[in-house]
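For reference, the structure discussed in these notes is given below.
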Amino acid sequence: MAKKIWLDDRLVDPQDAKVSVFDHGLLYGDGVFEGIRVYNGKIFEFDAHLKRLFESAKVIRLEIGKTFDQIKDATQKTADANQIENGYIRLVVTRGEGTLGINPFLCKKPLLFIIADGIQLYPEEMYEKGMRVISSSVIRNHIHSIPPQVKSLNYLNNILAKIEAIDYNVPEAIMYNHSGYVAEASGDNVFILKNGILYTPSIEAGALNGITRNVVMKLAKKEGIEVIEKNLTKFDLYVADEFFLTGTAAEVIGIVEIDGRTIGDGKPGKITKLLRSKFFEYTL
Ligand code: PMP
1 MAKKIWLDDR
11 LVDPQDAKVS
21 VFDHGLLYGD
31 GVFEGIRVYN
41 GKIFEFDAHL
51 KRLFESAKVI
61 RLEIGKTFDQ
71 IKDATQKTAD
81 ANQIENGYIR
91 LVVTRGEGTL
101 GINPFLCKKP
111 LLFIIADGIQ
121 LYPEEMYEKG
131 MRVISSSVIR
141 NHIHSIPPQV
151 KSLNYLNNIL
161 AKIEAIDYNV
171 PEAIMYNHSG
181 YVAEASGDNV
191 FILKNGILYT
201 PSIEAGALNG
211 ITRNVVMKLA
221 KKEGIEVIEK
231 NLTKFDLYVA
241 DEFFLTGTAA
251 EVIGIVEIDG
261 RTIGDGKPGK
271 ITKLLRSKFF
281 EYTL
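At position 168 of the sequence shown (counting the first as 1) the number is 168 in the numbering used here, and the numbers step up by one without a gap.
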């Protein structure tokens, strides 16, 4: 449980971290956020996360009203106040308090809040044995709708896919775009290995430009593995030699079954395990 929450411009006790019912983040999902890991007391890929936050805000025409360095400082202070050695930080900027209409420019001042806490997304056993997923029938937001590159507070598209996964008794769902190509998972990026080559959908297919994705691509190249960003179909996933997801919370997790098709020998693959261990080395 978090000890202190950053609210606007200071640290407060959790019971004092209150947001107005007129906040457009709450009324309309109008805002942006980041989820960031802390490894060994160090905020992971801090600048990349902040850059993405500012880019998300720019696209939705949200003036954060604070500089990169001010947010960096507030985030660090929140991590320190909660004595987070290994954990998770949620950084949120809402449009702020406004009227009951949707006009964002009637909101007087954006609201920043930061929560630092522990995290365990999936049980340890799932990383060893691998995860089962389904293909979602929910199409990922079109890039000309709410661009999936924007990490906005409006996650209903992903939530609908997640509900479908839960209905099928699996933790994650793969989302496809309007053309039928793989976009991403409801909360993670997608990778497959086929004949020794690593493939991942390009961002234009409708994915968040994942920070973990970028780190894993870099690490794979360093290991001499060719990495190709291209359109992937359901067929490609079904016949993959290896399959894994990447994300801040999930880190690197092997997929062993999709829509009843077993991937490889039904265990997380060799390259998946290698990249997972290289990822942890990188966090040190
Ligand atoms: N796609 C979606 C929809 C996400 O919400 C996330 C983050 N949980 C990711 C991909 C992975 O991005 P990152 O590695 O930056 O956490």
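Just so it is clear, CB atoms sit at the ideal spot from N, CA and C, and this is done for glycine as well.
- Contact between the stretch 164-171 and the stretch 210-226 is not established, with fewer than three Cβ pairs separated by less than 8 Å.
- For residue 180, the closest of 257, 58 and 142 by C-alpha to C-alpha distance is 142.
- Taking 8 Å as the cut-off, one finds no heavy atom of the ligand PMP near enough to the beta carbon of residue 174.
- Only buried fits residue 98, as 16 or more other CB atoms lie within 10 angstroms of its CB.
- Residue state for residue 109 is assigned as coil, using DSSP reduced to three classes.
- Between the ligand PMP and the CB of residue 151, the shortest heavy atom gap is smaller than 8 Å.
- Pairing residue 130 with residue 241, the inter-Cα distance amounts to about 14 Å.
- Taking the CA atoms as reference points, residue 205 sits about 27 Å from residue 278.
- Not one heavy atom of the ligand PMP falls within 8 Å of the beta-carbon of residue 154.
- Distance from the CA atom of residue 263 to the CA atom of residue 138, rounded to whole angstroms, is 23 Å.
- For residue 201, the number of other beta carbons within 10 angstroms of its own is at least 16, and it is reported as buried.
- Within the same chain, Cβ atoms closer than 6 Å to the Cβ of residue 250 are found at 121 and 188, the five residues on either side in sequence being excluded.
- Bridge pairing for residue 176: 182 [DSSP].
- Exclusion of the five residues before and after residue 261 leaves 238 as the residues of its chain whose Cβ lies within less than 7 Å of its Cβ.
- The beta carbon of residue 156 sits closer than 8 Å to those of 29, all from its chain and outside the five residues before and after it, given in chain order.
- Within the same chain, and ignoring the five residues on either side of residue 39 in sequence, the residues whose Cβ sits closer than 8 Å to its Cβ are 86, 283 and 284.
- Fewer than three pairs of CB atoms, one per stretch, sit closer than 8 Å, so the stretch 72-87 makes no contact with the stretch 14-27.
- Taking a C-beta distance under 9 Å as the contact criterion, residue 255 and residue 132 qualify as a contact pair.
- Within the same chain, Cβ atoms closer than 7 Å to the Cβ of residue 107 are found at 24, 95, 96, 97 and 98, the five residues on either side in sequence being excluded.
- When the beta-carbon positions are compared, residue 41 and residue 84 come within less than 9 Å of each other.
- Within 8 Å of the C-beta of residue 75 there is not a single heavy atom belonging to the ligand PMP.
- Taking all protein chains shown into account, residue 145 has fewer than 16 neighbouring C-beta atoms within 10 Å of its C-beta and is therefore exposed.
- For residue 191, the uninterrupted beta strand (DSSP E) run begins and ends at 189-194, by DSSP.
- With a cutoff of 9 Å on beta-carbon distance, residue 235 and residue 269 are scored as not near each other.
- Taking 8 Å as the cut-off, one finds at least one heavy atom of the ligand PMP near enough to the beta carbon of residue 188.
- When secondary structure is reduced to three states using DSSP, residue 246 falls in the strand class.
- Taking 9 Å as the cut-off, the Cβ atoms of residue 182 and residue 59 do not count as close.
- In this structure, residue 246 has its CB closer than 8 Å to one or more heavy atoms of the ligand PMP.
- Ranked by Cα distance from residue 50, the options 82, 61, 91 and 158 are led by 91.
- Around residue 171, the same chain offers 122, 131 and 165 as residues with beta carbons nearer than 7 Å, after the five sequence neighbours per side are excluded.
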